[in-house]
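Structure first, then comments.
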Amino acid sequence: MQSPHIRPRTLTSRRTVLTFIGASLIAGPVIASQSAGAAPAATPTPMAGGLDDPAKKEIAMKIVCSAENSDLNWKEYYRYCEDIGDGRGYTAGIIGFCSGTGDMLDLVELYTRRKPNNILAKYLPALREVDGTDSHEGLDPHYKRDWERAAEDPEFQKAQNDERDRVYFNPAVKQGKADGIGVLGQFAYYDAIVMHGDGSDHTSFRNIRKRALRSAKPPAQGGDEVTYLHAFLDARVWAMKQEEAHEDTSRVDTAQRVFLNKRNLNLNPPLEWKVYGDSYRIG
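This note's numbering numbers the first residue of the sequence shown as 1058 and each following residue consecutively.
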C-alpha cells in the first residue's frame, strides 16, 4: 500500500473547526440576501444536485482516494495507519485521521462511546496528550497493530464513515448547496476540506472560498457556476502552492479542472482523469 500524499491540515483540533464551518455556512446566505436587496433579482437557478447521492458519493470517495492513496479502492484503507512525516503524528483510516489534529481523537472517542471495550479505548489518554503535536508518546509500540485490528470491526468502519461525514463531507455538501453549485462544485469543496481543513489559517477551505469570492460570484449570488468554479480552483491551486509538499497540483489541474472544462457539472461517468501522472477511469 502506498503512503497517502501529505496534506497541510493545521494542528487545530477538529472541535474548533466545526464552529468555524457553522459560521461560514451562515455567512453565505446572508451575503446573498444583502446582494439581492441591492440589485435586480437574478434568474433563479435550479436546486443544486447533491454529492450526497449514494452513487455520487462513491465517485467522490474514489477520486479522493486516487489522490490520497494512488488507488480507487477506498474501502481498503480503514486499516491504514502510519506516520507519513508531515508533523501530524499518525495518519490513519479512510480520510487520513491524524493523531496530531484532533480528528483521530474524536473518532476514537466516538467508537468508544458506541463500543466501550474496544481495542483502541486504552489509547484515549495518550491521544488527548499528543493532540496538537507529532508525538507518539503513549501510542507506540502497538498502536498501528491495534488500529489494524480495530479496522476489522464493522462498528469501527461505521465510526470512520460517520466522522468523515460529520467533519468533512457534510459541511462541504451543505456549503456547496448554499452556494448553488452542483455535484462537481460540492466535490471541489470536499476535496479542499480533506486536504486543507477548515481552520483559520490562510490556506484553509474557508479562506480558499473567500479568495474565490473576490473574483466571481456563485450561482446563489447571481453568478455563473462555471466561472465561479474556475475561480475556486484557481484559489485552491494558489493554496496548494503555498506548501512545498503540494506544489504538484495535478489533483486539480488534471482531474477537477478536466471535468469542469468538459462542463461535467454533475460528475456523470464515464470519468477519466490523472493524478501525479497516473491515469484513472470510472466507467
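Just so you know, even glycine gets a beta-carbon here, dropped at the ideal spot from N, CA and C. Quick caveat, the model's predicted, so the values are computed rather than measured.
Backbone secondary structure at residue i - three-state DSSP
i, result
"Ile1312", "Here residue 1312 turns out to be Ala, not Ile, going by the sequence shown. Helix, per DSSP."
"Leu1162", "helix"
"Tyr1333", "coil"
"Arg1338", "strand"
"Leu1328", "strand"
"Leu1322", "coil"
"His1199", "coil"
"Asn1264", "helix"
"Ala1124", "helix"
"Thr1306", "coil"
"Thr1190", "coil"
"Leu1270", "helix"
"Leu1082", "Any answer about Leu1082 is weak, because its pLDDT of 44 lies below 50 and its placement is not dependable; what the coordinates show is given next. Helix at Leu1082."
"Lys1298", "coil"
"Asn1130", "coil"
"Pro1173", "coil"
"Asp1248", "helix"
"His1259", "coil"
"Ile1238", "coil"
"Leu1108", "coil"
"Asp1210", "coil"
Residue(s) in a DSSP beta bridge with residue i
i, result
"Tyr1147", "Asp1140"
"Cys1155", "Thr1148"
Minimum C-alpha distance to residue i - residue among the options
i, options, result
"Gln1278", "Lys1113, Val1224, Ile1151, Asp1236", "Asp1236"
"Asp1110", "Glu1329, Tyr1333, Asn1323, Asp1258", "Asn1323"
"Arg1293", "Ala1302, Gly1280, Phe1262", "Phe1262"
"Phe1226", "Lys1114, Ile1339, Gly1340", "Lys1114"
"Arg1308", "Arg1320, Leu1167, Arg1266, Glu1329", "Glu1329"
"Asp1163", "Gln1243, Gln1232, Ile1176, Leu1181", "Leu1181"
"Gly1315", "Phe1213, Thr1190, Ser1336, Glu1300", "The residue you asked about is not Gly; residue 1315 is Val in the sequence shown. Comparing Cα positions, the closest option is Ser1336."
"Tyr1147", "Arg1185, Asp1191, Leu1108", "Asp1191"
"Asn1264", "Trp1295, Glu1212, Leu1317", "Trp1295"
"Thr1306", "Val1224, Gly1334, Glu1282, Lys1231", "Gly1334"
"Gln1232", "Asp1258, Gln1217, Lys1267", "Lys1267"
Test: residue i CB closer than 8 Å to a CB of chain C
i, result
"Ala1117", "No chain C is present in this structure, which holds just one protein chain."
Whole-number beta carbon distance between residue j and residue i, since they are thought to touch under 8 Å
i, j, result
"Gln1313", "Ala1229", "Going by Cβ atoms, the distance from Gln1313 to Ala1229 rounds to 13 Å, so no, they are not a contact pair."
"Lys1172", "Glu1212", "5 Å"
Quiz item: At a cut of 8 Å, does the region 1119 to 1139 reach the region 1199 to 1217 through at least three beta carbon pairs?
Solution: yes
Quiz item: If you pair each beta-carbon of the region 1149 to 1167 with each one of the region 1120 to 1134, do three or more pairs fall below 8 Å?
Solution: yes
Quiz prompt | Given 8 Å, three or more beta-carbon pairs between the region 1255 to 1272 and the region 1285 to 1303 | solution = yes
Quiz item: With contact counted as at least three CB pairs below 8 Å, one residue from each stretch, are the region 1206 to 1216 and the region 1155 to 1172 in contact?
Solution: yes
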